[in-house]
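Trainee: Residue numbering for the sequence shown follows the numbering used here, starting at 708 and increasing by one per position. Ideal Cβ placement from N, Cα and C applies to all residues, glycine included. Since the model is a prediction, treat every value here as computed from it, not as a measurement.
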Amino acid sequence: MVKKAALLNAIAGTNRGLLASELQKQAILAAIATLEDLNPTPRPVEAANLLEGNWRLLYTTSKALLNIDRLPIYKLGQIYQCIRVETSSVYNIAEIYGLPYLEGLVSVAAKFEPVSERRVQVKFQRSIVGLQRLIGYTSPENLIQQIVAGKKFAALDVPINSETQQGWLDITYIDENLRIGRGNEGSVFVLSKT
């Protein structure tokens, strides 16, 4: 699809939005809006087969995510959002790189509940922040298995009050390998299925 390729070309080289100029941001948002108008999945929340899986972040306007890269001596690595439809679970995982052997990880586990054909309410439940080596991190899949098993990590591993820490996400475009979402804080997310 030409419009999809145009969006992917627009975000290429922006390091998920970290390096995007104001002009690039405007062009990207326009390309996103164009693609959203062509969403092939009219009821994204009901498309479990498309939602399920591990998604890698390609672009965002989320200051919370982009500011992770501003930590001294650390650089933001890959960011994943892993969705498990059967358990209504979502796992956000950000890999952080810097000094050798001190690679970090920021992960948030949450539950989601459909509230419309394209919106999900997200209730955050657990935050894990620590060094990849101490956590035993090898992949998003491995980390999720450990979280589901109830493992306590050698990290800052804390429960989150889901009544005060929640938000929503509109899935505005989804196909077999691309998803676009808009969050309650005005942020835009473009992800590809891994």
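#1: Taking its Cβ as the centre, do 16 or more other Cβ atoms sit within 10 Å of glutamate 793, making it buried, or is it exposed?
#2: Cα separation between isoleucine 780 and glutamine 832?
#3: Between the region 819-835 and the region 861-881, do three or more beta carbon pairs fall short of 8 angstroms?
#4: Assign alanine 801 to one of two classes, buried (16 or more other C-beta atoms within 10 Å of its C-beta) or exposed (fewer than that).
#5: If you follow the alpha helix (DSSP H) that alanine 713 is in, where does it begin and where does it stop?
#6: List, from N- to C-terminal side, the beta strand (DSSP E) runs of 3 residues or more that fit wholly inside the region 797-832.
#7: Going along the chain, which unbroken runs of the alpha helix (DSSP H) with 4 or more residues stay wholly within the region 722-752?
#8: Are alanine 740 and alanine 713 touching if we call contact CB-CB under 8 angstroms?
#9: Expressed to the nearest angstrom, what Euclidean distance is found between the alpha-carbon atoms of proline 749 and glutamate 824?
#10: Closest by CA to threonine 879, which one among Leu726, Leu758, Ala717?
#11: Going by Cα to Cα distance, which pick from Leu745, Thr721, Asn746 is closest to alanine 734?
#12: Taking Cβ positions only, does isoleucine 718 come closer than 8 angstroms to chain D?
#13: In angstroms with no decimal places, state the Cα-to-Cα distance between proline 742 and alanine 861.
#14: Quick check: what's the CA-CA separation for isoleucine 854 versus serine 795?
#15: With lysine 782 as the anchor, note down where its beta strand (DSSP E) starts and where it stops.
Mentor: Taking the structure as given:
#1: Walking along the sequence shown from the start, residue 793 turns up at place 86. Glutamate 793 is exposed by the Cβ-count criterion.
#2: For the purposes of this step, residue 780 is taken as the residue at position 73 of the sequence shown. For the purposes of this step, residue 832 is taken as the residue at position 125 of the sequence shown. Straight-line measurement puts the Cα of glutamine 832 at about 29 angstroms from the Cα of isoleucine 780.
#3: As far as the Cβ criterion goes, the region 819-835 touches the region 861-881, which means the pair count is three or higher.
#4: Working through the sequence shown from its first residue, we reach residue 801 at position 94. When all chains shown are included, alanine 801 counts as buried.
#5: One-based indexing of the sequence shown puts residue 713 at position 6. Unbroken alpha helix (DSSP H) run through alanine 713: 709-718.
#6: Runs of beta strand (DSSP E) with 3 or more residues, each lying fully within the region 797-832, are found at 811-821, listed in chain order.
#7: Those alpha helix (DSSP H) runs which fall completely within the region 722-752 and span 4+ residues are 729-743.
#8: Position 33 of the sequence shown, counted from the first residue, corresponds to residue 740. Position 6 of the sequence shown, counted from the first residue, corresponds to residue 713. For alanine 740 and alanine 713, no; Cβs fall outside 8 angstroms.
#9: Along the sequence shown, one-based indexing puts residue 749 at 42. Along the sequence shown, one-based indexing puts residue 824 at 117. Each residue's alpha carbon lies about 8 angstroms from the other.
#10: Here residue 879 corresponds to residue number 172 of the sequence shown, with the count starting at 1. The candidate whose alpha carbon is nearest that of threonine 879 is Leu758.
#11: Position 27 of the sequence shown, counting from 1, holds the residue named residue 734. Out of Leu745, Thr721, Asn746, Thr721 has the C-alpha closest to the C-alpha of alanine 734.
#12: No chain D is part of this structure, which consists of one protein chain only.
#13: Working through the sequence shown from its first residue, we reach residue 742 at position 35. Working through the sequence shown from its first residue, we reach residue 861 at position 154. Looking at the sequence shown, residue 742 is not proline but leucine. Distance between the alpha carbons of leucine 742 and alanine 861 is about 42 angstroms.
#14: As a position in the sequence shown, residue 854 is number 147, starting the count at 1. As a position in the sequence shown, residue 795 is number 88, starting the count at 1. If I take the Cα positions, the gap works out to 14 angstroms.
#15: Against the sequence shown, residue 782 aligns to sequence position 75. Taken as a continuous stretch (DSSP letters only), the beta strand (DSSP E) holding lysine 782 covers 782-791.
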